[in-house]
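Engineer:
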Amino acid sequence: MRKIVVVYQSKYGATKKYAEWISEELSCDLFERKNIKLADLEPYDTIIYGGGLYAGGVSGIDIVTKNFDQLSNKNLILFTCGLADPMDKENTDSIKQSLNKVLTTQMQNKIKLFHLRGAIDYAKLSIAHKAMMAMLYRMINKKDYDSLRIEDKEFISTYGKAVDFTDRSTILPIVSYIQKL
Ligand SMILES: Cc1cc2nc3c(=O)[nH]c(=O)nc-3n(C[C@H](O)[C@H](O)[C@H](O)COP(=O)(O)O)c2cc1C
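Letter by letter, the sequence shown follows residues 9 to 189 of the working numbering.
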């Protein structure tokens, strides 16, 4: 019997929602990253890590990268949760480019990657995040609209609003990948 765990780090709750859905579907354990140590992962042979995307980086991914040597004998699955639409290859390519900076080739070969779409409510952002988004908005808004990437056009159109793209059905490829292991 496989022992599976979902570990997540989520600031505003979208990644948490996906992590909970995946653990429900697989009837497996679920931990928030801040509540576990490497030793807690020892009993599992399949680890699913989910983190929100912040300026291209996956929050909390260092639990996988720093401990890769100890985890590399396990099945490793990573899901990102961001606002950019993962159905669009331009967006997933840009996430992969950012991940190239933190994942070695060996890690990339070992870790199965999935991208899920999150949510944002500008009214609920921390002051620092509001400021970051405002700066980004001003930067993108200065550019010629037609030359913008899809991700940036969507950012402009959703800026300041509350949008929620979380969708339980989008976890199915992750669930079926794990069920086939
Ligand atoms: C400061 C900031 C930076 C963000 N950067 C990205 C990004 O680079 N790519 C992306 O797709 N989404 C980005 N987002 C959107 C978040 O990834 C999205 O809100 C996600 O649902 C957050 O997950 P969480 O609620 O689990 O933390 C950003 C949001 C904030 C507030």
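Where a beta carbon is used, it is the ideal one built from N, C-alpha and C, also for glycine.
Tell me whether Arg125 sits in a helix, a strand or coil according to DSSP, three-state version.
Structural biologist: strand
Engineer: Touching or not, the stretch 70–81 and the stretch 132–150, by the rule of three or more beta carbon pairs under 8 Å?
Structural biologist: no
Engineer: Which stretch, first to last residue, makes up the beta strand (DSSP E) that contains Val15?
Structural biologist: Ile12 to Gln17
Engineer: Figure out for me which residue from Tyr20, Ile103 and Lys11 has the closest Cα to the Cα of Gly126.
Structural biologist: Tyr20
Engineer: Taking the alpha carbon of Met143 as the point to measure from, which residue in Ile164, Ala22, Lys104 and Ile44 has its own alpha carbon closest?
Structural biologist: Ile164
Engineer: At the level of alpha carbons, what is the spacing between Tyr26 and Val183?
Structural biologist: 11 Å
Engineer: Provide the residue span of the beta strand (DSSP E) that contains Val110, from first to last.
Structural biologist: That residue, Val110, is in no beta strand (DSSP E); it is neither H nor E in DSSP.
Engineer: How many Å lie between Lys24 and Ile179 at the Cα?
Structural biologist: Taken atom to atom, the span from the alpha-carbon of Lys24 to that of Ile179 is near 13 Å.
Engineer: In chain order, which beta strand (DSSP E) runs of at least 3 residues are fully inside the stretch 57–110?
Structural biologist: 83–90
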